[in-house]
Amino acid sequence: MPSIFSHAIFATFVGGALTRAKVPVRFWVLTACCAMLPDADVAGFAFGFSYGSLFGHRGITHSIAFALIVGVAIGVFAFRGSRAGLGTTALITYFTLVTLSHPLLDMMTDGGLGVALFAPFSDRRYFLPWRPIEVSPIGIRFFSQRGLEVLESEMIWVWLPALVLLLAAWLYRKGSAWLR
Ligand SMILES: [Zn+2]
917 MPSIFSHAIF ATFVGGALTR AKVPVRFWVL TACCAMLPDA DVAGFAFGFS YGSLFGHRGI
977 THSIAFALIV GVAIGVFAFR GSRAGLGTTA LITYFTLVTL SHPLLDMMTD GGLGVALFAP
1037 FSDRRYFLPW RPIEVSPIGI RFFSQRGLEV LESEMIWVWL PALVLLLAAW LYRKGSAWLR
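If you're matching positions, the sequence shown starts at 917 in our numbering and goes up one per residue.
Pasting the structure below:
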């Protein structure tokens, strides 16, 4: 995985670029949580599941099916009363994509096993053909040399593109408001 924080930062920045409506704080908290949630599967190690099993790391919680279930659950239940300025379908789509951003970033890392994107229907593990992000070993110490290397790689390949997108969207909105 990229480190858990980078997943949250990526989703929040890209979410910020895509979202025009004024949304409650809950929306951003859930964005960060959904982006990190798939790595809850490391708890599987404590229950004796091996890395490569369905309930192991990068298994079922990193699948499209899981992202869809999370997206539907949040889209339907988390914004009852206040729709955050967005329709249920938009919320479901958004939170599914946020959760899915996690395995997609994992698929761009240079280590570990691939991601079981099509679990539970297939246990095949996938990577993208392009894998520039240095993998963050589980339980890495961030203040070690290796930790800094991982952080640097994540800043370049995860934080920076997301930040550029966020700034571009902000400038575009400012520009179009100014032209009006
Ligand atoms: Zn992961």
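Note that the Cβ used here is the ideal one computed from N, Cα and C, for glycine as well.
Per DSSP, what kind of secondary structure is Y1088 in: helix, strand or coil?
-> Walking along the sequence shown from the start, residue 1088 turns up at place 172. Y1088: helix per DSSP, three-state reduction.
Should G1027 go down as buried or exposed, given a rule of 16 or more other Cβ atoms within 10 Å for buried?
-> Taking the sequence shown and counting its residues from 1, one reaches residue 1027 at position 111. Result: exposed.
Consult DSSP for M917 and reduce its assignment to one of helix, strand or coil.
-> Residue mapping note: residue 917 aligns to position 1 of the sequence shown, counting from 1. Below a pLDDT of 50, predicted positions are generally treated as unreliable, and M917, at 46, falls in that range; the measurement from the model is reported next regardless. Reduced to three states, the DSSP call for M917 is coil.
For P954 and T977, believed in contact at Cβ under 8 Å, the rounded distance | Counting from 1 along the sequence shown, the entry for residue 977 is found at position 61. Counting from 1 along the sequence shown, the entry for residue 954 is found at position 38. About 4 Å separates the two Cβ atoms, so the contact holds.
Give me whichever residues DSSP pairs with I1049 in a beta bridge.
-> In the sequence shown, the residue the question calls residue 1049 occupies position 133. Paired residue(s): T1025.
With a cut-off of 8 Å, do at least 3 Cβ pairs link the stretch 999-1010 to the stretch 923-937?
-> Yes, since at least three Cβ pairs between the stretch 999-1010 and the stretch 923-937 fall closer than 8 Å, the two stretches touch.
Three-state class that DSSP yields for V1031 in the structure shown | Residue numbering aside, residue 1031 sits at position 115 when the sequence shown is read from its first letter. Note: V1031 maps to strand in three-state DSSP.
Express the C-alpha separation of L1095 and A956 in angstroms, rounding to a whole number.
-> For the purposes of this step, residue 956 is taken as residue 40 along the sequence shown, with counting starting at 1. For the purposes of this step, residue 1095 is taken as residue 179 along the sequence shown, with counting starting at 1. Roughly 46 Å between the two C-alpha positions.
Mind checking whether V1031 and D1022 have CB atoms under 7 Å apart?
-> Sequence index remark: in the sequence shown, residue 1031 carries index 115 (1-based). Sequence index remark: in the sequence shown, residue 1022 carries index 106 (1-based). In contact: V1031 and D1022 (Cβ atoms closer than 7 Å).
Below 8 Å, can you find three or more Cβ-Cβ pairs linking the stretch 922-934 to the stretch 975-990?
-> Look at the beta carbons and you see the stretch 922-934 not touching the stretch 975-990: under three pairs across the two are nearer than 8 Å.
Look at A983 and T1025 and say whether their C-beta atoms are less than 7 Å apart.
-> If you number the sequence shown from 1, residue 983 lands on position 67. If you number the sequence shown from 1, residue 1025 lands on position 109. Going by C-beta atoms, A983 is not nearer than 7 Å to T1025.
Are L1082 and G932 touching if we call contact CB-CB under 7 Å?
-> In the sequence shown, counting from the first residue as 1, residue 1082 sits at position 166. In the sequence shown, counting from the first residue as 1, residue 932 sits at position 16. Yes. Within cutoff.
With distances taken from CA atoms, which of L1087, P1053, I1008, L1020 is nearest P1045?
-> Within the sequence shown, residue 1045 is the residue found at index 129, counting from 1. Of the listed residues, the one whose Cα sits closest to P1045 is L1020.
With DSSP as the reference, label Y967 as helix, strand or coil.
-> Taking the first residue of the sequence shown as position 1, residue 967 is located at position 51. It is coil, neither helix nor strand.
Hey, how far is the Cα of W944 from the Cα of C950?
-> As a working note, residue 944 is residue 28 in the sequence shown. As a working note, residue 950 is residue 34 in the sequence shown. Whole-angstrom Cα-Cα distance: 10 Å.
Is any heavy atom in ligand 1 found nearer than 6 Å to the beta carbon of D1039?
-> The residue given as residue 1039 occupies position 123 in the sequence shown. No, the Cβ of D1039 stays beyond 6 Å of every heavy atom of ligand 1.
Beta carbon of P1053: closer than 6 Å to some heavy atom of ligand 1?
-> Taking the sequence shown and counting its residues from 1, one reaches residue 1053 at position 137. If you check the C-beta of P1053 against ligand 1, you find no heavy atom less than 6 Å away.
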